[in-house]
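These protein sequences, in sequence, are chains A and B. Residues 3 to 90 in the numbering used here are what the first sequence spells out, letter by letter. Residues 3 to 181 in the numbering used here are what the second sequence spells out, letter by letter. A virtual CB, placed ideally from N, CA and C, is assigned to each residue, including glycine. All figures in this text were calculated on a predicted structure; none of them were measured in a lab.
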Amino acid sequence: MSEPIGPADDMPCQELVEVATEWLEGVLGPDERRRVEAHLALCDGCDDYVAQLRATIVALGDLRDAPPSAATRDAVLRRLGEWEGGPA
Amino acid sequence: MVRIARGIVGEALAEEVAQEAWLGVLQGIDRFEGRSALRTWILRIVVNRARTRRERERRSLPFSALVSAEAAPGEPAVDPDRFLGPDHDRWPGHWAAAPAAWRGGEERLLAREARELLSRAIDALPPGQRTVVSLRDVEGWSAGEVCNALDITETNQRVLLHRGRARLRAALDDYLGEG
């Protein structure tokens, strides 16, 4: 278990997890940002939490379908070319 | 396409909307100017069709109203039981039990089983969270693009993103965490 021994205004972990998205989005004010980063430097638990959040985001991006192969793409474009203007 | 549609019009209409959107894509393809990626352009058509369809189904709230409701206060990112209480004399609000390391590392996270679990977890999210997380984190749209396409405020978009990600992290934590 991590031992927080930070400054008096050290952000509690329960607060950090609630501002984590705003921090990652870059919309926190400079004071809040400083408090988050100060806390992360001291708290393994929160550091791990943010790492998990980031890993989740990477895994989500990985779910995006792989782009179609060149052959598939060509076949689709050919079909589209044959389909002149669609239904009347 | 169906997943994005489903978040906006629900399960019953999602396939139909996706097909309508696909027709729209085929009809409009010669007008596609390539200013965005083809995939983005297609999904914008899906979102548009879904929103229009939702408005026509008068029994439903407008999507922006559903989003406001979902963004209302009250859903913590992490179960409060994971933290020490506010009256703890040394470390109020700090982790009672720190997050466990995820076993197996990156390989396990990106392997098929984890991907399937994550996919099911996305489908289990409330519709607004599902739509925002899908467009932001799966498809890679910017916050601005999502807000414009869905006609929602940046704040609401962020709250939904926050909550959706929190739930998905928790789902992965259940699967990958130690103990």
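From the beta carbon of A/Arg37, is the nearest beta carbon of chain B less than 8 Å away?
Taking the first sequence and counting its residues from 1, the one referred to as residue 37 of chain A is at position 35. It does not: the Cβ of A/Arg37 has no partner Cβ on chain B nearer than 8 Å.
On the criterion of 16 or more Cβ atoms from any shown chain inside 10 Å, does B/Val19 qualify as buried, or is it exposed?
Locating residue 19 of chain B in the second sequence gives position 17, where the first residue counts as 1. So B/Val19 counts as buried.
Just how far apart, CA to CA, sit B/Asp153 and B/Arg92?
In the second sequence, counting from the first residue as 1, residue 153 of chain B sits at position 151. In the second sequence, counting from the first residue as 1, residue 92 of chain B sits at position 90. Looking at the two C-alpha atoms, the distance is approximately 45 Å.
Cβ pair B/Phe85, B/Gly76 closer than 8 Å
Numbered from its first residue, the second sequence carries residue 85 of chain B at position 83. Numbered from its first residue, the second sequence carries residue 76 of chain B at position 74. One thing to note: B/Phe85 has its Cβ no nearer than 8 Å to the Cβ of B/Gly76.
Applying the 10 Å Cβ sphere with the 16-neighbour rule, what's the burial state of A/Met3?
Position 1 of the first sequence holds residue 3 of chain A. Note that A/Met3 scores 49 on pLDDT, short of 50, meaning its location in the model is unreliable; the coordinates nonetheless yield the value given after this. Result: exposed.
Give me the residue from B/Pro101, B/Gln21, B/Glu13 and B/Leu68 with the minimum Cα distance to B/Arg171.
Looking up residue 171 of chain B in the second sequence gives position 169. Checking every option, the nearest Cα to that of B/Arg171 belongs to B/Pro101.
Locate the alpha helix (DSSP H) running through A/His41, then write down its first and last residues.
In the first sequence, counting from the first residue as 1, residue 41 of chain A sits at position 39. It spans Pro32 to Leu44 - the alpha helix (DSSP H) in which A/His41 sits, taken as one unbroken run.
Output needed for B/Ala7: all residues of its chain with C-beta closer than 6 Å, excluding positions within five of it in sequence on either side, in chain order.
On the second sequence, residue 7 of chain B is found 5 positions in, with the first residue counted as 1. The answer, listed in chain order, is Ala16, Val19, Ala20, Val48 and Ala52.
Using a beta-carbon distance below 8 Å, is B/Ala23 in contact with chain A?
Against the second sequence, residue 23 of chain B aligns to sequence position 21. Chain A contact via Cβ: absent.
Can you pull the chain A residues whose beta carbon is under 9 Å from the beta carbon of B/Leu112, in chain order?
On the second sequence, position 110 is the one that residue 112 of chain B refers to. The contacting residues are Val60, Ala61 and Asp64.
Per-residue DSSP class, three states only, for B/Trp97
Within the second sequence, residue 97 of chain B is the residue found at index 95, counting from 1. The answer is strand: DSSP assigns B/Trp97 an E or B state.
Beta-carbon proximity of A/Asp62 to B/Asp125, cut-off 8 Å
Your numbering for residue 62 of chain A matches position 60 in the first sequence. Your numbering for residue 125 of chain B matches position 123 in the second sequence. Note that residue 62 of chain A is Leu in the sequence shown, not Asp. No; because the gap between Cβ atoms is not below 8 Å, this pair is not in contact.
Taking 8 Å as the threshold (C-beta atoms), are B/Arg110 and B/Gln131 in contact?
Sequence index remark: in the second sequence, residue 131 of chain B carries index 129 (1-based). Sequence index remark: in the second sequence, residue 110 of chain B carries index 108 (1-based). With respect to B/Arg110, B/Gln131 sits apart: the two C-beta atoms are not nearer than 8 Å.
Hey, out of A/Ala43, A/Trp25 and A/Leu30, whose CA is closest to A/Asp12's CA?
Along the first sequence, one-based indexing puts residue 12 of chain A at 10. Comparing Cα-Cα distances from A/Asp12 to each of A/Ala43, A/Trp25 and A/Leu30, the minimum goes to A/Ala43.
Between B/Gly95 and chain A, is any beta-carbon pair separated by less than 8 Å?
If you number the second sequence from 1, residue 95 of chain B lands on position 93. Output row for B/Gly95: interface = yes.
Whole-number beta carbon distance between A/Gln54 and B/Trp104, since they are thought to touch under 8 Å
Locating residue 104 of chain B in the second sequence gives position 102, counting from the first residue. Locating residue 54 of chain A in the first sequence gives position 52, counting from the first residue. B/Trp104 to A/Gln54, Cβ: 7 Å. Contact.
So, using beta-carbon positions, are A/Glu20 and B/Ala173 closer together than 8 Å?
One-based indexing of the first sequence puts residue 20 of chain A at position 18. One-based indexing of the second sequence puts residue 173 of chain B at position 171. Going by C-beta atoms, A/Glu20 is not nearer than 8 Å to B/Ala173.
For B/Ser66, which residues from the same chain have a beta carbon less than 6 Å from its beta carbon, with the 5 sequence-adjacent residues on both sides left out?
Working through the second sequence from its first residue, we reach residue 66 of chain B at position 64. Answer for B/Ser66: Asp153 and Ile154, listed in chain order.
Interface flag, A/Ala40 vs chain B, CB-CB below 8 Å
What you label residue 40 of chain A is simply residue 38 of the first sequence in a count that begins at 1. At a cut-off of 8 Å, the C-beta of A/Ala40 has no neighbouring C-beta in chain B.
Chain D partners of B/Gly142, CB-CB under 8 Å?
The chain inventory of the structure shown lacks chain D, comprising the protein chains A and B.
Could you check what DSSP says for B/Phe34 in three-state terms: helix, strand or coil?
As a first step, residue 34 of chain B must be located in the second sequence, where it is residue number 32. B/Phe34 falls in the coil class under three-state DSSP.
Who are the near neighbours of B/Tyr177 in its chain, counting only those whose CB is closer than 7 Å to its CB and skipping five residues on each side?
Taking the first residue of the second sequence as 1, we reach residue 177 of chain B at position 175. Closer than 7 Å at Cβ, skipping near neighbours: Ala116 and Leu119.
Buried or exposed: which applies to A/Val38, given that a residue is buried once 16 or more other Cβ atoms fall within 10 Å of its Cβ?
Position 36 of the first sequence, counted from the first residue, corresponds to residue 38 of chain A. Buried.
Which residues in chain B sit within 8 Å of A/Pro32, going by Cβ to Cβ distance?
What you label residue 32 of chain A is simply residue 30 of the first sequence in a count that begins at 1. Among the residues of chain B, none has a CB under 8 Å from the CB of A/Pro32; the nearest is roughly 18 Å distant.
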